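In the numbering used here, the protein residues as written are 59 to 123. Beta carbons are placed, not taken as given, at the ideal position from N, Cα and C, and that holds for glycine. Everything numeric in this text was worked out from a predicted model, so none of it was measured. What follows is a single structure, written as structure tokens, with notes after it.
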Amino acid sequence: MCEAWAQEEARNHGAWPFLREQLEGALPPGVALEYAGRPAAAPTAICNAGLHMVEQHAVVISALG
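Have a look at this one:
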């Protein structure tokens, strides 16, 4: 079984870096935690609207699909 954390921010931004260990510790044995979001990146946002839409779609599919 697996649970997912989804966020729009890049992997190294947002709440994921802070909450990951706490969430993993709160899950019952045998339940894995997966990340669904943008890959790690230096900029906080993509400056290309088309690329943003592609990444946003991938995040939604990863989180809900």
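Segment contact: the stretch 100-114 against the stretch 75-84, fewer than three CB-CB distances shorter than 8 Å; contact not assigned. At a cut-off of 4 residues, the continuous stretches assigned as alpha helix (DSSP H) that sit fully inside the stretch 70-96 are 74-84. From the listed residues 61, 71, 95, the smallest Cα separation to residue 83 is found for 61. In this chain, residue 100 is not harboured by any alpha helix (DSSP H), its DSSP state being neither H nor E.
Per DSSP, the unbroken alpha helix (DSSP H) holding residue 108 starts and ends at 107-122.
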